[in-house]
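Numbering (this note's numbering), first residue to last: 11 to 190.
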């Protein structure tokens with residue numbers, strides 16, 4: 011249901027074997043990295059399939075599978091003792107934003123990150139600014155722009171769906187600030 015039909019016993023066996031081997035490769039590389047003490051984000055960035063196992067990422071992402079495998083084995087704890095407590099990291103953002111010169115300054119950083127192509131980092135910066143000042147127009151615009159750029163570049167149906175949601179959510183938040 012996520013692609014063209016595979017026809018013929020040999021072709022079906024070949025494709026399923028390759029799919030299985032790709033899953034096993036990602037699993038084993040993830041576990042190896044965990045045993046080497048690497049964090050989930052490092053592994054998400056490092057692990058990719060060799061060309062002979064490339065099965066495409068039209069529906070999922072290798073990095074998402076890495077994260078799923080990692081979290082399946084590690085559970086909720088990411089190895090950072092700070093994560094053991096109930097206070098979310100987001101609660102630190104308003105004070106950090108204040109130290110950085112305010113939400114406007116952090117939103118300007120997000121704009122610069124968009125300009126330099128660091129779209130994922132720009133989303134984080136915009137979110138940090140918005141945690142401190144939820145109605146900051148510049149941060150909302152940066153968040154919207156980053157989501158739109160990521161959506162335009164996406165070739166993955168699930169990712170595109172979630173990025174589209176991010177666009178709609180950001181646009182609605184911006185609209186509610188601009189025309190209350």
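Positions of the beta carbon are idealized from the N, C-alpha and C atoms, including for glycine.
Under the three-state reduction of DSSP, residue 181 is assigned to helix. Annotation for residue 137: the continuous alpha helix (DSSP H) segment containing it runs 129 to 142.
If the five residues before and after residue 184 are omitted, its C-beta is found closer than 8 Å to the C-beta atoms of 147, 150, 151 and 154, all from its own chain and listed in chain order. From the listed residues 180, 75 and 61, the smallest Cα separation to residue 133 is found for 180. Under the Cβ criterion (8 Å, minimum of three pairs), the region 118 to 129 does not count as touching the region 83 to 96.
Segment contact: the region 164 to 177 against the region 56 to 73, three or more CB-CB distances shorter than 8 Å; contact assigned. In this structure, residue 53 keeps its C-beta atom at 9 Å or more from the C-beta atom of residue 32.
When the beta-carbon positions are compared, residue 156 and residue 129 come within less than 9 Å of each other.
In the structure shown, residue 59 falls within a coil segment according to DSSP collapsed to helix, strand and coil. DSSP, read as helix, strand or coil, puts residue 69 in coil. Two segments are said to touch when three or more pairs of C-beta atoms, one from each, lie closer than 8 Å; by this definition the region 37 to 57 does not touch the region 20 to 28. The beta carbon of residue 110 sits closer than 6 Å to the beta carbons of 116 from its chain, once the five residues preceding and following it are set aside; these are given in chain order.
DSSP places residue 52 in the helix class (H, G or I) of the three-state scheme.
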